[in-house]
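As given, the protein sequences belong to chains X and G, one line each in that order.
Under UniProt numbering, think of the first position of the first sequence as 1, with each following residue one higher.
Under UniProt numbering, think of the first position of the second sequence as 1, with each following residue one higher.
Structure record follows, encoded as structure tokens.
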Amino acid sequence: MAKFTEDDLKKDLETKEYEYGFYTDIESETFPIGLNEDIVRAISKKKEEPQWMTDWRLDAYKAWKEMTEPEWANVNYKKPDFQSIAYYSAPVSIDPNKTLDDVDPDLLAMYKKLGISVDEQKKMNNVAMDIVVDSVSVATTFKKTLSKKGIIFMSISEAIKEHPELVRKYIGTIVPTKDNFYAALNSAVFSDGSFCYIPKGVRCPMELSTYFRINQAGTGQFERTLLIADKGSYVSYLEGCTAPSRDENQLHAAVVELIAMDDAEIKYSTVQNWYPGNTEGKGGVYNFVTKRGLCEKNAKISWTQVETGSAVTWKYPSCILKGDNSVGEFYSIAVTNNYQQADTGTKMIHLGKNTKSTIISKGISAGKSQNSYRGLVKISKNAKNARNFSQCDSLLMGNDCGAHTFPYIEVKNKSAQIEHEATTSKIGEDQIFYCNQRGIETEKAIALIVNGFSKEVLNKLPMEFAVEAQKLLEISLEGSVG
Amino acid sequence: MLQIKNLHAGVENKEILKGVNLEVKAGEIHAIMGPNGSGKSTLSAVISGNENFEVSQGSVTFLNEDISELDPEERAHKGVFLSFQYPVEIPGVSVTNFIKTAINENRKAKGLKDMPASEMLKLIKSKADLLEIDRKFLSRSLNEGFSGGEKKRNEIFQMAMLDPKLAILDETDSGLDIDALKIVANGVNKLKSKDNAVIIITHYQRLLDYIIPDFVHVLIDGKIVKSGTKELAYELEEKGYDWIKEELV
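Dropping the structure here:
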């Protein structure tokens, strides 16, 4: 009789290979390694940016030089040598006038392996995608449909050229260049990213989507996303990431800024699956991300994230609830396996009256991984009648992993109401046996239990994404059990 | 249908079953009674393939096939069903979703495609009606916050859905009030046919007033020491187990 114990489960989980670990051989144009003012200037020049942008970058670079890497997160890793990273890489076969049909067949083949067929996406999912491979957008679809409504959706490099007034007005207003070490680094060297503007009163008719991917060996990826929802508008934005297998650690330091003006609503969903390193904890992406949104009056921002990848994750999508009656939401599933470490959570900064925030965080730890939730709920002096509800649940698999919760609460107004709930549970042999007895094999049983645990968050994802997210959870945890 | 021969089984260094012999034929209902710690639940666990118990000797044959080496899900696919004494909770997974997954996994094992949604809904509705289960109950998380009665009724609902050849009811009567007991017993009786068999594991003869067994076996210290008909259950209820133990000496 094949005896299936937690030890077996643990072993099975450890042997799960990274499915997307292949490398596409595209000719890339890479800058010399290292970072200095000349490199910053070169990046800016390469992208044909106006002087104000170059100056903005240089300013950030100068600030970054004086800063030190934060150490307060509950993660341990060998700090990257910032002078041994190449700060710009673009597939050379790029031509901005290309249509999708002209795209490098190697690239298209890569998408297919990832299950991201742009054609299919176009036809079946009604999703406009601005695909970023190693920093430069290679395909933008649905642009026309969107532009009819006055929606601007393009790479940030294009936006800097075509809508400099908008970019200049808003970039760095939510995440200032000097905000933190990684944000400063990103501001200095960001290679590309997405820009989106939804005009007043417009409801974006489709989900906007970007897939990111690190492709070139030893290249940092510094994405910059700026999303502006003008008064009374609505947009749902999807961001998904996969990265191929690499031995050396790769750095990913993205910045995302969201602006929801009066009565606007932004839904920002992320599925993150950067390479997590191998079963011995070798390799994998360092994911140090700054994501923040500003809510004006009656505005709402929802962050939903499914984080399964990266060797080290440092990420706290936050909401500044500046306007009265504004609403911030954070729904998160973070999965760690093998030697992965995640320190993730959110900040809800209540400034306006009657502001509300909801935090639902689900952490799943397996192998020898460490999974931390870190969240700040801050109620300022003027935030009368602010409300917060936080729920942090942890699910453990095996005996060698860890789950940690670090909730911070600062309240400066007595009328605030704050609730915090936390649970920790373990997938038990008895649960698995129960499922087995009903004819459900162990692999499927784990998927069922994990999906059940994550349901409240999965339900928040747009349909197009929920399926993919569920698949990712299964791949991350029980891919080779059985 | 089921033949158990000289079955010895237990946990590390501790033998619990010490030579059980039992034969169950299609169409029969067997009751296994015995005092606490006699090995009743171990027997049900070993038949269904719980890997916490090790079989050291003997064999378990189901439908003419030795199943002692099979995984629990493989036994389930062959038609073995265990109604748990303590059903486990699976938060976030609804009763409907769970049973749907179970049915489709069983179909997959038989090389069949997933059951069409309309057919599934019809089946769920008819079985829920049979067991007087409220529709709202079906969307609740599996066993989470269920009363003792709800848990047991849910077990029998799953049994009705999966339509097993052999159903083992492990202390299904515990935690049930008399009304719930009648509903559960009624459900089992309706599901009973000449092609399937039931093993009832129980402390008390109470349940046996509603599900009439063809045979009653007394399990003491890991062995079946006495077998008889329904009358034996009444005798046990009246006199306890001591007289049998004395008989054995």
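Think of the CB as a built atom: it goes at the ideal place given N, C-alpha and C, for glycine as much as any other residue.
For the region 115-163 of chain G, the continuous alpha helix (DSSP H) assignments of 4+ residues that do not extend past its boundaries occur at 117-130 and 148-162, in sequence order. The Cβ-Cβ distance between methionine 33/G and threonine 172/G does not fall below 8 Å.
With distances taken between CA atoms, asparagine 382/X lies nearest to Ile349/X out of Tyr316/X, Leu395/X and Ile349/X.
Along the region 48-72 of chain G, going in chain order, the ones with a CB nearer than 9 Å to a CB of chain X are Ser48, Gly49, Asn50, Glu51, Asn52, Glu54, Val55, Ser68, Glu69, Leu70, Asp71 and Pro72. The CB of isoleucine 349/X never comes closer than 8 Å to any CB in chain G; the least such distance is about 30 Å. Residues of the region 72-101 of chain G whose Cβ lies closer than 9 Å to any Cβ of chain X, in chain order: Pro72, Glu73, Glu74, Arg75, Ala76, His77, Val80, Phe81, Leu82, Phe84, Tyr86, Pro87, Val88, Glu89, Ile90, Pro91, Gly92, Val93, Ser94, Asn97, Phe98, Ile99 and Thr101. Histidine 404/X: member of the beta strand (DSSP E) spanning 402-411, first to last residue.
By the beta-carbon neighbour count (other beta carbons within 10 angstroms, threshold 16), asparagine 337/X is buried. At a C-beta separation below 9 Å, leucine 162/G has these neighbours in chain X: Arg438 and Gly439.
A straight line joining the alpha-carbon of alanine 386/X with that of lysine 300/X spans about 14 Å.
The residues Ser94, Val95 and Thr96, in chain order, have a CB closer than 8 Å to that of serine 139/G in the same chain once the five nearest residues on each side in sequence are set aside.
Within 8 Å of the CB of isoleucine 449/X, the CB atoms of chain G belong to Ile90 and Val93, in sequence order along the chain.
Within chain X, no C-beta atom comes nearer than 9 Å to that of alanine 167/G; the closest sits roughly 12 Å away. Minimum Cα-Cα distance from leucine 162/G among the listed residues Asn50/G, Leu236/G and Leu191/G corresponds to Leu191/G. A residue is called buried when at least 16 other Cβ atoms come within 10 angstroms of its Cβ; lysine 239/G does not meet this threshold and is exposed. Contact of glutamine 391/X with chain G by beta-carbon distance below 8 Å is absent, the smallest such distance being about 13 Å. Judged by DSSP in its simplified three-state form, valine 235/X adopts strand.
Around the Cβ of threonine 68/X, a 10 Å sphere holds fewer than 16 other Cβ atoms; the residue is exposed. Straight through space, the alpha carbons of threonine 225/X and leucine 35/X are spaced by roughly 22 Å. Under the Cβ distance rule, asparagine 186/G does not count among the residues neighbouring chain X, no pair being separated by less than 8 Å. In this structure, His77/G is the residue among Lys125/G, Glu89/G, Lys122/G and His77/G with its C-alpha nearest to the C-alpha of asparagine 104/G. Within its own chain, the residues whose Cβ lies closer than 6 Å to the Cβ of tyrosine 331/X, once the five positions on either side in sequence are excluded, are Thr304, Ile360, Val457 and Lys460, listed in chain order. With a cut-off of 8 Å on Cβ pairs, the region 402-411 of chain X is not in contact with the region 26-43 of chain G, counting fewer than three such pairs. Nearest in C-alpha terms to threonine 101/G, of all of Lys78/X, Gln250/X and Tyr434/X, is Tyr434/X. Tyrosine 87/X carries a coil assignment under DSSP once its states are collapsed to helix, strand and coil.
Annotated three-state conformation of isoleucine 43/X is helix, per DSSP. Apart from the 5 residues on each side of it in sequence, tyrosine 88/X sits with its Cβ closer than 6 Å to the Cβ of Phe31, Ile43 and Ser191 in its chain, given in chain order.
The beta carbon of tyrosine 434/X sits closer than 8 Å to some beta carbon of chain G. By the rule that beta-carbons nearer than 8 Å mark a contact, alanine 197/G does not touch chain X. Here the alpha carbon of serine 194/X sits roughly 15 Å from the alpha carbon of valine 289/X. Shown here for glutamate 410/X: same chain residues with a beta carbon closer than 6 Å to its own, the five before and five after excluded, namely Lys378 in chain order. Put simply, the CB of glycine 363/X is far from chain G, with every gap to its CB atoms at 8 Å or more. In the three-state DSSP reduction, isoleucine 160/X falls in the helix class (H, G or I).
Around the CB of methionine 159/G, 16 or more other CB atoms lie within 10 Å, so the residue is classed as buried. Chain G has a Cβ within less than 8 Å of the Cβ of glutamine 431/X. Residue-level contact by beta carbon holds for glycine 452/X and chain G, with a gap shorter than 8 Å.
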